[in-house]
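So the structure is just underneath, and the comments pick up after that.
Numbering (mature numbering (1 follows the signal peptide of the UniProt record, and there is no 0)), first residue to last: -22 to -1, 1 to 517.
Here's what the structure looks like:
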């Protein structure tokens, strides 16, 4: 029972106004400018003894502003929360003059907005307010949230309405997808995904576990499903905004609204050590900037805890290097199969253990889902350019359709690698960046090719030629290079190269389409180096 009203409450009931602490006015200036006033009003009191909280569980704090809004969006009054006293505000009624904006009409429901000072955000709680029963409030003009002039309303909290239902759509791609149920629902896996033939959950330490049609799919849990391209709808109540994680990789579900990864908060702080990963069809694991309803995401934690997905400003730090502008010492190795599925790995000189750890990828997806990674489970590996004894790396492939193209992206550097798969071997460089692996395999060996230690002009291939040929030349240092073709009389008939080239292995193309049959000579000059190769053209 309300034994007595505070001075500020009495002042409102007497029509004097709201006593707002001066220190709090700075937080509420927009409400002071925008909210209307009127002599006909109702009093709304939020006592500190009620310990009210916002829908996400955040307790009211000093300086938080509580405002009431009409159905058309007009602010009809506000008050500022004071520790030990609570907050009191006047809800303006409709005046007798037809002037817009206007206040509450008789019989209208009170609607609230709370400005949370700690997060700097306004929280819409219009349908989530709870009022004290008038049987326990010793005020003759007590009411319970329905406006009438002169009435008194006591709020006990702003808790979410658990009876509110929402409907969300879950989208499945052709083949395997990682999905989740973003609302509280009793629907079983079989009811939600009747046409899917494969289904797994994932638990750190235990790996993938098969699901049956009768299993429930709780909010916060991600699952892997094998389906035809389709959608399914699920209706349920608004779920909690926190998701539990364990130590290791977790396949989590999102909640019923999209949230930015930057707004996710971890408890304990600092337990998240990876990006949030999704798996777009044919693209491999990809970091995401937002968590969307109906999708599932991989995230790694150092210990058990919770993730708050309510959307309040968070402090998570991205786990992997995602810059498109690679620093010096970094090359990319792109692997694309015959169906256009593609993924890119990173080779980096001076890669630290911490950097390598941050490039760790989630567990290999089930079935034959396209997946490319170093055999260590990472997307990055150390690269020791120019060292003949440098250790190699194995690239692991799953779900690739052959032939597979391996392409080196050097960023303009002179770095070279050698790849091997079965009996196939290829050297890749800026001059010859791509090669195809024809034979089906689940592993490709990658090693850094040593830097050339001498100038050399290789033989043309094929030779003799009818239409065209290629020749390889090596440079142990950056040089001005000239390569030309001469006939037997010493006349230059074609210029192949005439520019500065970096250290490394390069290729030049010979077009013999206009040359008559006969013998020719290919001559290379680089500094003091000279070398000549014979070439035969046949028709």
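From the three backbone atoms N, C-alpha and C, an ideal C-beta is built for every residue, glycine too.
Nothing here was measured: the structure is a model prediction, and the numbers come from that model.
- Taking C-beta atoms as the reference points, residue 150 and residue 157 count as a pair closer than 8 Å.
- Between residue 52 and residue 23 a beta carbon distance of about 21 Å is seen, past the 8 Å cut, so the two are scored as non-contacting.
- For residue 335, the enclosing alpha helix (DSSP H) has its first and last residue at 331 to 336.
- DSSP places residue 169 inside the alpha helix (DSSP H), whose first and last residues are 167 to 170.
- Its chain contains 207 as the residues whose beta carbon lies nearer than 6 Å to that of residue 152, once the 5 sequence neighbours on both sides are disregarded; these appear in chain order.
- Cβ contact annotation for residue 148 (same chain, cutoff 6 Å, sequence separation greater than five): 157, 210 and 272, in chain order.
- Around the beta carbon of residue 15, a 10 Å sphere encloses fewer than 16 other beta carbons of the protein chains shown; the residue is thus reported as exposed.
- Between the alpha carbons of residue 500 and residue 513 lies a gap of roughly 7 Å.
- Taking a C-beta distance under 8 Å as the contact criterion, residue 226 and residue 278 qualify as a contact pair.
- Beta-carbon to beta-carbon, residue 449 and residue 435 are separated by about 7 Å, close enough to satisfy the 8 Å threshold.
- Between residue 479 and residue 455, the C-beta gap is not smaller than 8 Å, which leaves the two residues out of contact.
- The segment 184 to 216 contains, as complete beta strand (DSSP E) runs of 3+ residues, the segments 185 to 188, 200 to 205 and 208 to 215 (chain order).
- Residue 371: member of the beta strand (DSSP E) spanning 371 to 376, first to last residue.
- Going by C-alpha positions, residue 390 is about 15 Å away from residue 485.
- With a contact defined as Cβ atoms closer than 8 Å, residue 358 and residue 337 qualify at about 4 Å.
- Here residue 103 is not near residue 42, since their CB atoms are 8 Å or more apart.
- Excluding residues up to 5 positions away in sequence, 156, 157, 158, 200, 229 and 231 lie with their Cβ nearer than 6 Å to the Cβ of residue 274 in the same chain.
- Of the other Cβ atoms in all chains shown, 16 or more fall within 10 Å of the Cβ of residue 286; this residue is therefore buried.
- Counting along the chain, residue 447 sits inside the beta strand (DSSP E) bounded by residues 446 to 453.
- For residue 437, there is no enclosing beta strand (DSSP E), as DSSP marks it with neither H nor E.
- For residue 110, the CB contacts under 7 Å within the same chain, skipping 5 residues up- and downstream, are 132 and 134 in chain order.
- Three or more beta-carbon pairs separated by less than 8 Å are not found between the segment 406 to 418 and the segment 346 to 353, which leaves the two stretches without contact.
- Counting of Cβ neighbours within 10 angstroms places residue 394 among the buried residues, the total reaching 16 or more.
- The beta carbon of residue 398 sits closer than 6 Å to those of 423, all from its chain and outside the five residues before and after it, given in chain order.
- Here DSSP, grouped into helix, strand and coil, assigns residue 28 to helix.
- Here residue 416 is exposed, its C-beta having fewer than 16 other C-beta atoms within 10 Å.
- As DSSP reads the structure, residue 37 sits in a beta bridge with 31.
- Residue 228: member of the beta strand (DSSP E) spanning 226 to 231, first to last residue.
- With respect to the 8 Å criterion, residue 487 and residue 446 are classified as neighbours on the basis of their beta carbons.
- Only residues of its own chain outside the window of five on either side were considered, and among them 250, 283, 285 and 294 have a CB closer than 7 Å to the CB of residue 244, listed in chain order.
- Apart from the 5 residues on each side of it in sequence, residue 339 sits with its Cβ closer than 7 Å to the Cβ of 263, 351, 355, 356 and 357 in its chain, given in chain order.
- DSSP places residue 384 within a strand segment (E or B) once states are collapsed to three.
- Taking residue 411 as the centre and dropping the five residues before and after it, the same chain places the C-beta of 385, 386, 387 and 388 closer than 8 Å to its C-beta, in chain order.
- Residue range 395 to 399 is occupied by the beta strand (DSSP E) that includes residue 396.
- When 183, 192 and 163 are compared, the shortest CA-CA separation from residue 177 is found for 192.
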